[in-house]
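Reviewing the structure listed below.
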Amino acid sequence: MLITCPYCGPRDVIEFTYQGDGNRERPQPASQNLDAWNAYVYDRLNPAGDHNEIWQHSGGCRAHLRVVRNTLTHEVLSTALARGGHKAEGRS
Amino acid sequence: MAEYSALSLLKNALTGNKDWKPAWRKPDPKASYDVIVIGGGGHGLSTAYYLAKEHGITNVAVLEKGWLGSGNVGRNTTAVRSNYLLPQNTRFYEHSMKLWENLSHDLNYNVMFSQRGCLNLAHTPAQLDDYARRGNAMRHLGVDAELMSVDQIKRLVPALDVSGSARFPVLGGLMQPRAGSARHDAVAWGYARGADRRGVDIIENCEVTGFLRDGGRITGVLTTRGEIRAKKVALAVAGSTGRVMQLAGISHMPIESHVLQAFVSESLKPIIDTILTFGMGHFYISQSDKGGLVYGGDLDGYNSYAQRGSLPIVDEVMSEMLALFPGLARVRMLRSWGGLCDMTMDGSPIITAGPLPGMYLNCGWCYGGFKATPASGWCFAHTIAKDEPHEFNAPFTLDRFYRGLIIDDKGQGATPRLH
């Protein structure tokens, strides 16, 4: 599996560290909303198909990446810098 | 007379083996059942078996999307053990161990359960201390555990590199002598036959495509073989849990599906007569009755439904094997494959009523599902029949994460790929 780092180009998956479901939204640190914290820490979308996820190029430039990858075929569909951390587009 | 016995073997041998009945029927689905179990793997079949045997509930269908036992019950590395640290896990898996010890007799089907022991190797003094602690925790709950010295390990596994010059020298190990392995296909077939003979319909090539509802209540399933109604619908679909729950409208679960690979070597003369685990990585190995080394290591480490892995883990697993057994460097690998693991956020399973009315959920087996097969079905059947959990599965709820009652044996936190 190759992941194309925006800085370093296509690299082997062993250079990257998986950081999981990129759909999760981290509550504000002072938030006391237990449901939101529970959802952030424990709940996962886990789709069979396209999956929005976070990887770090830990064996390279160390940038955090937002990757869309198909969990049925392992095909990497897009990669981009993960600006904005775990907060995903399209999920309030 | 039991269906399979020395006498029946002899009788059928003399009459040309023409009178054996198929081990299970191939019925068409009825319009409705008392209980539908989704998933014809080890856990689904054992659930149906214990529903019939322990609770007298025989109007049951097991729905399997492929052929019987085509999922994880035929893809695992067959280890059976109960060497956990936390009491919730120890009690559950020790109950499973006791069911394993009588399973061939109970099913009248030889599952070839072989109690050859499971030895966890320690490579640092701290790890050995940790094993002593876990061994004491096990013994405290009546489970067998023995701390072994390097000399004892050397006698038990002569092929193992126990020299001081090994990449990670062995300092000792924790042995559970009653642990062992079983023939996984026989487990599926034995439970299937046992359930079938008690009246359970096992329906293969029947994929669930949706759920029937009455208000909020689940009242049956839509399948590729039509609509089937049931008072109770029980899920035992392991790696496909996320997918099936999404059919029921539940998009988020405390589960990620990952791929785990397993490997078999060419057949060798007997060389390892126990199950051995490496302490400086994640690697486990045993030898099958046919002589093949059966081994595996870590998950590939990312969400996957592909049932196949990638090469970096193959490389890592082989490296770990050679760190323990340099003498196996020229042995050829015969087969490798991948299975889906439903990894929970604390590494422990979920066996519970709910989360929707009329639904029952059995999932989250991470990569420890095979050894749990008897107790999982036994506890799930109890939960379905009585609408409340048995004390052995009472801790394995779905809401334990929200309530802060996680059961994290390895203390890894909510990072499923590390459990």
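Chain order of the listed sequences is A and B. Reminder that position 16 of the first sequence reads as 15 in numbering that gives the first Met the number 0, one-by-one numbering, no gaps. Reminder that position 259 of the second sequence reads as 258 in numbering that gives the first Met the number 0, one-by-one numbering, no gaps. Idealized CB from N, CA, C, for every residue including glycine.
Any beta carbon from chain B within less than 8 Å of Val75 (chain A)'s own beta carbon?
Working through the first sequence from its first residue, we reach residue 75 (chain A) at position 76. No, no contact with chain B.
Using CA atoms only, rank isn't needed, just tell me which of B:Met342, B:Ala384, B:Lys370 and B:Gly55 is closest to Thr351 (chain B).
For the purposes of this step, residue 351 (chain B) is taken as the residue at position 352 of the second sequence. For the residues B:Met342, B:Ala384, B:Lys370 and B:Gly55, the minimum Cα distance to Thr351 (chain B) belongs to B:Ala384.
Is the distance from the Cβ of Gly39 (chain B) to the Cβ of Asn71 (chain B) below 8 Å?
For the purposes of this step, residue 39 (chain B) is taken as the residue at position 40 of the second sequence. For the purposes of this step, residue 71 (chain B) is taken as the residue at position 72 of the second sequence. No, they are not a contact pair.
With DSSP run on the structure shown, which of helix, strand or coil describes Leu339 (chain B)?
Position 340 of the second sequence holds residue 339 (chain B). For Leu339 (chain B), the secondary structure class from DSSP, reduced to helix, strand or coil, is strand.
Would you mind listing the beta strand (DSSP E) stretches within the stretch 29–64 of chain A that are 3+ residues and don't spill past its ends, in chain order?
Whole beta strand (DSSP E) segments, 3+ residues: 49–55.
Relative to the alpha-carbon of Trp336 (chain B), which residue among B:Met279, B:Leu259, B:Thr273 and B:Ser287 has its alpha-carbon at the smallest distance?
Residue numbering aside, residue 336 (chain B) sits at position 337 when the second sequence is read from its first letter. Selected option, being the one with the closest Cα: B:Leu259.
Anything in the stretch 295–314 of chain B with a Cβ closer than 7 Å to a Cβ of chain A? List those residues in chain order, please.
Residues of the stretch 295–314 of chain B whose Cβ lies closer than 7 Å to any Cβ of chain A, in chain order: Gly300, Tyr301, Asn302, Ser303, Tyr304, Ala305, Ser309 and Pro311.
In angstroms, rounded to a whole number, what distance separates the CA positions of Gln411 (chain B) and Asp345 (chain B)?
Along the second sequence, one-based indexing puts residue 411 (chain B) at 412. Along the second sequence, one-based indexing puts residue 345 (chain B) at 346. Distance between the alpha carbons of Gln411 (chain B) and Asp345 (chain B) is about 7 Å.
Report the residue ranges of all beta strand (DSSP E) runs contained in full by the stretch 55–138 of chain B; include only those spanning at least 3 residues, in chain order.
Listed in chain order, they are 59–62 and 117–121.
Could you pull the start and end residues of the alpha helix (DSSP H) that Gln306 (chain B) belongs to?
Position 307 of the second sequence holds residue 306 (chain B). Neither: Gln306 (chain B) is in no alpha helix (DSSP H) and is coded neither H nor E.
Same chain only: Cβ atoms within 8 Å of Lys153 (chain B), ignoring 5 sequence neighbours per side
Here the question's residue 153 (chain B) lines up with position 154 in the second sequence. Hits under 8 Å: Leu159 and Val161.
Thinking C-beta only, is Ala51 (chain B) closer than 8 Å to Ala194 (chain B)?
Here residue 194 (chain B) corresponds to residue number 195 of the second sequence, with the count starting at 1. Here residue 51 (chain B) corresponds to residue number 52 of the second sequence, with the count starting at 1. It is a contact, given that the beta carbons lie within the stated cut-off.
With distances taken Cα to Cα, identify the nearest neighbour of Lys268 (chain B) among B:Ala131, B:Leu292 and B:Arg24.
By 1-based counting over the second sequence, the position of residue 268 (chain B) is 269. Nearest option by C-alpha distance: B:Leu292.
According to the Cβ coordinates, are Leu173 (chain B) and Ala144 (chain B) closer than 8 Å?
To locate residue 173 (chain B), count along the second sequence from 1; it is residue 174. To locate residue 144 (chain B), count along the second sequence from 1; it is residue 145. For Leu173 (chain B) and Ala144 (chain B), yes; Cβs fall inside 8 Å.
What does the alpha-carbon distance come out to for the pair Arg242 (chain B) and Leu8 (chain B)?
Within the second sequence, numbered from 1, the residue matching residue 242 (chain B) stands at position 243. Within the second sequence, numbered from 1, the residue matching residue 8 (chain B) stands at position 9. About 44 Å.
Determine the extent of the alpha helix (DSSP H) in which His183 (chain B) is found, giving its start and end residues.
On the second sequence, residue 183 (chain B) is found 184 positions in, with the first residue counted as 1. Secondary structure note for His183 (chain B): its alpha helix (DSSP H) is the uninterrupted segment His183 to Arg196.
Counterpart residues of Cys4 (chain A) in DSSP-defined beta bridges
Here the question's residue 4 (chain A) lines up with position 5 in the first sequence. Residue pairing for Cys4 (chain A): DSSP places it in a beta bridge opposite A:Gly8.
Would you list the one or two residues that DSSP bridges to Ile35 (chain B)?
Counting from 1 along the second sequence, the entry for residue 35 (chain B) is found at position 36. Partner(s): B:Ala60 and B:Val232.
Applying the criterion that 16 or more other CB atoms from any shown protein chain within 10 Å of the CB defines a buried residue, is Trp377 (chain B) buried or exposed?
To locate residue 377 (chain B), count along the second sequence from 1; it is residue 378. Residue environment analysis places Trp377 (chain B) among the buried positions, since at least 16 neighbouring C-beta atoms fall within 10 angstroms of its C-beta.
Could you confirm whether any beta carbon from chain B is found closer than 8 Å to the beta carbon of Thr13 (chain A)?
Within the first sequence, numbered from 1, the residue matching residue 13 (chain A) stands at position 14. Before going on, a small fix: residue 13 (chain A) reads as Ile here, not Thr. Residue contact with chain B for Ile13 (chain A): present (Cβ-Cβ distance below 8 Å to some residue of chain B).
Please go through the stretch 310–373 of chain B and give each complete alpha helix (DSSP H) segment of 4 or more residues, from N-terminal end onward.
Fully enclosed alpha helix (DSSP H) runs of no fewer than 4 residues occupy 310–323 of the stretch 310–373 of chain B, in order along the chain.
Inter-residue spacing [alpha-carbon to alpha-carbon] between Gly171 (chain B) and Lys409 (chain B)
In the second sequence, counting from the first residue as 1, residue 171 (chain B) sits at position 172. In the second sequence, counting from the first residue as 1, residue 409 (chain B) sits at position 410. Approximately 20 Å, taken between the alpha carbons.
What does Tyr401 (chain B) reach in chain A if we use C-beta pairs closer than 7 Å?
Residue numbering aside, residue 401 (chain B) sits at position 402 when the second sequence is read from its first letter. Taking a Cβ-Cβ threshold of 7 Å, the residues of chain A close to Tyr401 (chain B) are Asn37, in chain order.
In three-state DSSP terms, what is Asn11 (chain B)?
Start at 1 with the first residue of the second sequence, and residue 11 (chain B) comes out as number 12. It is helical.
Under 8 Å: do the stretch 226–233 of chain B and the stretch 19–37 of chain B share three or more Cβ pairs, one atom per stretch?
Touching, yes, given that three or more Cβ pairs across the two stretches are closer than 8 Å.
In the stretch 255–311 of chain B, which residue ranges form an unbroken beta strand (DSSP E) of at least 3 residues, counting only runs that do not cross its ends?
Counting whole runs of 3 or more residues, the stretch 255–311 of chain B contains the beta strand (DSSP E) stretches 274–277, 282–286 and 291–302.
For His104 (chain B), which option in B:Ala165, B:His122, B:Val186 and B:Gly116 has the closest C-alpha, if you only look at C-alpha atoms?
Along the second sequence, one-based indexing puts residue 104 (chain B) at 105. From the listed residues B:Ala165, B:His122, B:Val186 and B:Gly116, the smallest Cα separation to His104 (chain B) is found for B:Val186.
The beta strand (DSSP E) with Gln151 (chain B) in it runs from where to where?
In the second sequence, residue 151 (chain B) corresponds to position 152, counting from 1. Here Gln151 (chain B) belongs to no beta strand (DSSP E); instead the alpha helix (DSSP H) covers Val149 to Leu155.
Is there a Cβ of chain A sitting closer than 8 Å to that of Glu255 (chain B), yes or no?
For the purposes of this step, residue 255 (chain B) is identified with residue 256 of the second sequence, where counting begins at 1. Glu255 (chain B) belongs to the set of residues whose beta carbon lies under 8 Å from a beta carbon in chain A.
Taking the alpha-carbon positions, what's the Lys370 (chain B) to Met96 (chain B) distance?
Reading the second sequence from its first residue, position 371 is the one you call residue 370 (chain B). Reading the second sequence from its first residue, position 97 is the one you call residue 96 (chain B). Cα to Cα, the separation comes out at about 8 Å.
State yes or no: is the C-beta of Trp54 (chain A) within less than 8 Å of the C-beta of Val67 (chain A)?
In the first sequence, the residue the question calls residue 54 (chain A) occupies position 55. In the first sequence, the residue the question calls residue 67 (chain A) occupies position 68. Contact: no.
Measuring only the C-alpha atoms, how far is Asp11 (chain A) from Tyr301 (chain B)?
Taking the first residue of the first sequence as position 1, residue 11 (chain A) is located at position 12. Taking the first residue of the second sequence as position 1, residue 301 (chain B) is located at position 302. Asp11 (chain A) and Tyr301 (chain B) have their alpha carbons spaced roughly 14 Å apart.
Closest by C-alpha distance to Thr223 (chain B), when choosing among B:Pro21, B:Lys64 and B:Glu390
Against the second sequence, residue 223 (chain B) aligns to sequence position 224. Nearest option by C-alpha distance: B:Lys64.
Of the residues that make up the stretch 238–266 of chain B, which ones have a beta carbon closer than 7 Å to any beta carbon in chain A?
Answer set for the stretch 238–266 of chain B: Gly241, Arg242, Ser250, His251, Met252, Pro253, Ile254, Glu255 and Ser256.
Helix, strand or coil for Glu145 (chain B) per DSSP?
Mapped onto the second sequence, residue 145 (chain B) falls at position 146. In this structure, Glu145 (chain B) counts as strand in the three-state DSSP scheme.
What does Glu226 (chain B) pair with, by DSSP beta-bridge criteria?
Position 227 of the second sequence, counted from the first residue, corresponds to residue 226 (chain B). Beta-bridge pairing by DSSP links Glu226 (chain B) to B:Leu221.
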